[in-house]
Amino acid sequence: IDLTALEVTHLADQLQYFSPKSVALMLPFKANLVDFDSIKLAKQQIQRDGYIRISTEFYAGVEMALDSAKRLGISTTLAVYDTEASPQTTAQLLQTHNFSKHDVVLGPLTSNNITLVAQNLQQTTTAVVSPFVKLDKNYPNLIQTIPNDEWLAEKLLNYVKKDTIPHQTLIIYDSKSTNRVQQIRRAFPDAKMLSSERNKEGEEQYYVEFETVQKALQPGKTLVFLETNNESFASNVSSMLNGLNGITLQKDEQDEDIEIEVERELILMTTNRNNAFMGNNISNTDLSNLNFQFPSVHFYREDLNSFTKMYKQRFGTYPTRYATRGFDLTLDILLRLAAFDSVFEQLTETQTNYLENKFKYIQNEEGGYVNTSAYILKYEDLFILKVQD
Numbered sequence: 053i054d055l056t057a058l059e060v061t062h063l064a065d066q067l068q069y070f071s072p073k074s075v076a077l078m079l080p081f082k083a084n085l086v087d088f089d090s091i092k093l094a095k096q097q098i099q100r101d102g103y104i105r106i107s108t109e110f111y112a113g114v115e116m117a118l119d120s121a122k123r124l125g126i127s128t129t130l131a132v133y134d135t136e137a138s139p140q141t142t143a144q145l146l147q148t149h150n151f152s153k154h155d156v157v158l159g160p161l162t163s164n165n166i167t168l169v170a171q172n173l174q175q176t177t178t179a180v181v182s183p184f185v186k187l188d189k190n191y192p193n194l195i196q197t198i199p200n201d202e203w204l205a206e207k208l209l210n211y212v213k214k215d216t217i218p219h220q221t222l223i224i225y226d227s228k229s230t231n232r233v234q235q236i237r238r239a240f241p242d243a244k245m246l247s248s249e250r251n252k253e254g255e256e257q258y259y260v261e262f263e264t265v266q267k268a269l270q271p272g273k274t275l276v277f278l279e280t281n282n283e284s285f286a287s288n289v290s291s292m293l294n295g296l297n298g299i300t301l302q303k304d305e306q307d308e309d310i311e312i313e314v315e316r317e318l319i320l321m322t323t324n325r326n327n328a329f330m331g332n333n334i335s336n337t338d339l340s341n342l343n344f345q346f347p348s349v350h351f352y353r354e355d356l357n358s359f360t361k362m363y364k365q366r367f368g369t370y371p372t373r374y375a376t377r378g379f380d381l382t383l384d385i386l387l388r389l390a391a392f393d394s395v396f397e398q399l400t401e402t403q404t405n406y407l408e409n410k411f412k413y414i415q416n417e418e419g420g421y422v423n424t425s426a427y428i429l430k431y432e433d434l435f436i437l438k439v440q441d
């Protein structure tokens, strides 16, 4: 892989500690549940179980990173442990193996298991790196590679506030998103608010009436924040907004027999792009027409770079974002170890940028480190584009 194309900040040119590195990888492969006697059945089980699928894809990326590091003179011993997604299994692994002998423990995937490992190793010099989950509690040797939700939301809001073109702001939300709504209101105090409808019993219905949305939208530019974790609500609102975008006909409030032309420019946003915005019921055409914008930890590149080609050659398929994250994160760790002899040394001073992920850490007051790097992305012409680093 052409490492110069990864835009690694300084690290590849600063390597000086070439003693063998030791990495422990803790992932829920659930090998005890996979029927390896049947390749067809094993493939089906891997695809059906999210933990197994993410683990195998991430592991493939890790292997690619080890190969790339080896070309730079960094040799690595990799010890792989199956947590089975079980706190009991993880606790047993901690009792029966000496994880403090490793430079880094990468994983586990779940918050319960990450907590167990971080607690167990907090008095050691071994770094515990969380690939996907965020923890409320911090430990001195814990490195959280995913920025917290509040920071991601603030990044988007700061980006939006730089827009000097006059616009209105509308927030459409459900009851489970009130914290994010409060954060948006602090940035845009004049924003209009629309919450999802409730039935006579007070139960949330996860939709809004067309007429209610239409009345809330004035002519001109409107930024619409949609805050929800519910796919049907996200689908309902995005479809409705797409229909109201551009030039539409609307009944005159004074005389309903008269229809008037209304021109609107609607920009859809969310501070938290979760699975609700990525389900089968969501129209990418709607999102594209609305220039849907959001903060993201990773920026998926569709170009066939050298990593993608070599991954396809090795594994027979194109890398997923989990595989690419496994590559980016592992390579970053190994380069830091070879440049500084410790993951923690200059962790907060050195920003790095790889294929789809970037890393810039701050240290929490109560200990531990958290990544503060993300992108602002948007849908345009059915592609996802980067609008801000």
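Residue numbers (our numbering): 53 to 441.
Note that CB positions come from ideal geometry on N, CA and C, so glycine has one too.
Given the structure is predicted, the values throughout are model-derived calculations rather than measurements.
Less than 7 Å between C-beta atoms, sequence neighbours within five positions excluded: which residues of the same chain meet that for E313?
For this step, residue 313 is matched to residue 261 along the sequence shown. Excluding sequence neighbours, E313 sits near I299 and L301.
Under 8 Å, do V422 and N200 count as touching if we go by C-beta distance?
Within the sequence shown, the letter at position 370 stands for residue 422. Within the sequence shown, the letter at position 148 stands for residue 200. Closer than 8 Å, so yes.
In chain order, what residues of the same chain lie with their CB nearer than 7 Å to the CB of D384, ignoring the 5 residues before and after it?
By 1-based counting over the sequence shown, the position of residue 384 is 332. Within the same chain, D384 has close Cβ partners T404, Y406 and F411.
Backbone secondary structure at Y427 - three-state DSSP
Position 375 of the sequence shown, counted from the first residue, corresponds to residue 427. Strand.
Rounded to whole angstroms, what is the Cα-Cα separation between Q220 and Q174?
Counting from 1 along the sequence shown, the entry for residue 220 is found at position 168. Counting from 1 along the sequence shown, the entry for residue 174 is found at position 122. So the alpha carbons of these two residues sit roughly 49 Å apart.
Under 8 Å, do P183 and R377 count as touching if we go by C-beta distance?
On the sequence shown, residue 183 is found 131 positions in, with the first residue counted as 1. On the sequence shown, residue 377 is found 325 positions in, with the first residue counted as 1. Closer than 8 Å, so yes.
A390 - DSSP class collapsed to helix/strand/coil:
To locate residue 390, count along the sequence shown from 1; it is residue 338. A390 falls in the helix class under three-state DSSP.
Whole-number beta carbon distance between L434 and S291, since they are thought to touch under 8 Å:
Along the sequence shown, one-based indexing puts residue 291 at 239. Along the sequence shown, one-based indexing puts residue 434 at 382. No, S291 and L434 are not in contact; Cβ-Cβ is about 16 Å, not under 8 Å.
Figure out for me which residue from Y191, E401 and M116 has the closest Cα to the Cα of P371.
In the sequence shown, residue 371 corresponds to position 319, counting from 1. The residue with the shortest Cα to Cα distance from P371 is M116.
Below 6 Å CB to CB, which residues in the same chain sit around K351 once its five sequence neighbours on both sides are set aside?
Counting from 1 along the sequence shown, the entry for residue 351 is found at position 299. The sequence shown places Phe at residue 351, rather than the Lys named in the question. Around F351: E408, Y427 and K438.
Is it the case that the Cβ atoms of N294 and D338 are separated by a distance below 8 Å?
Counted from its first residue, the sequence shown places residue 294 at position 242. Counted from its first residue, the sequence shown places residue 338 at position 286. Result yes, Cβ atoms of N294 and D338 sit closer than 8 Å.
Cα-Cα separation between D65 and A121, rounded to whole angstroms
Within the sequence shown, residue 65 is the residue found at index 13, counting from 1. Within the sequence shown, residue 121 is the residue found at index 69, counting from 1. If I take the Cα positions, the gap works out to 13 Å.
Here's the rule I'm using: 16 or more other beta-carbon atoms within 10 Å means buried, otherwise exposed. How should P72 be labelled?
Stepping through the sequence shown from its first residue, residue 72 is reached at position 20. Classification of P72: exposed, given that the 10 Å Cβ count is below 16.
Assuming contact is defined by CB atoms lying nearer than 8 Å, are V480 and V156 in contact in what I supplied?
Since the first and last residues shown for the chain are 53 and 441, residue 480 lies out of range.
Pick from S74, Q415 and F110 that is closest to F367, judged by C-alpha positions:
Stepping through the sequence shown from its first residue, residue 367 is reached at position 315. Looking at the Cα atoms, F110 is the closest of the given residues.
Smallest Cα separation from R316: which of L399, P271, L381 and N333?
Within the sequence shown, residue 316 is the residue found at index 264, counting from 1. Nearest option by C-alpha distance: P271.
Please classify G420 as buried or exposed, where buried requires at least 16 other C-beta atoms within 10 Å of its C-beta.
The residue given as residue 420 occupies position 368 in the sequence shown. The residue is buried, with at least 16 neighbouring Cβ atoms inside 10 Å.
So, helix, strand or coil for T162, using DSSP?
Within the sequence shown, numbered from 1, the residue matching residue 162 stands at position 110. Residue state, collapsed to three classes: coil.
Go through its chain and collect everything with a Cβ distance to Q491's Cβ below 8 Å, but skip five positions before and after it.
This structure gives no information on residue 491, because the portion of the chain shown stretches from 53 to 441.
Using three-state DSSP, classify P139 as helix, strand or coil.
Taking the first residue of the sequence shown as 1, we reach residue 139 at position 87. Helix at P139.
Closest Cα partner of S247 within the set V276, A239 and R238:
Within the sequence shown, residue 247 is the residue found at index 195, counting from 1. Among V276, A239 and R238, the Cα nearest to that of S247 belongs to V276.
Below 8 Å on the Cβ atoms is my guess for F359 versus F379; work out the distance and round it to an integer in Å.
Taking the first residue of the sequence shown as 1, we reach residue 359 at position 307. Taking the first residue of the sequence shown as 1, we reach residue 379 at position 327. Contact flag correct, Cβ pair sits at about 7 Å.
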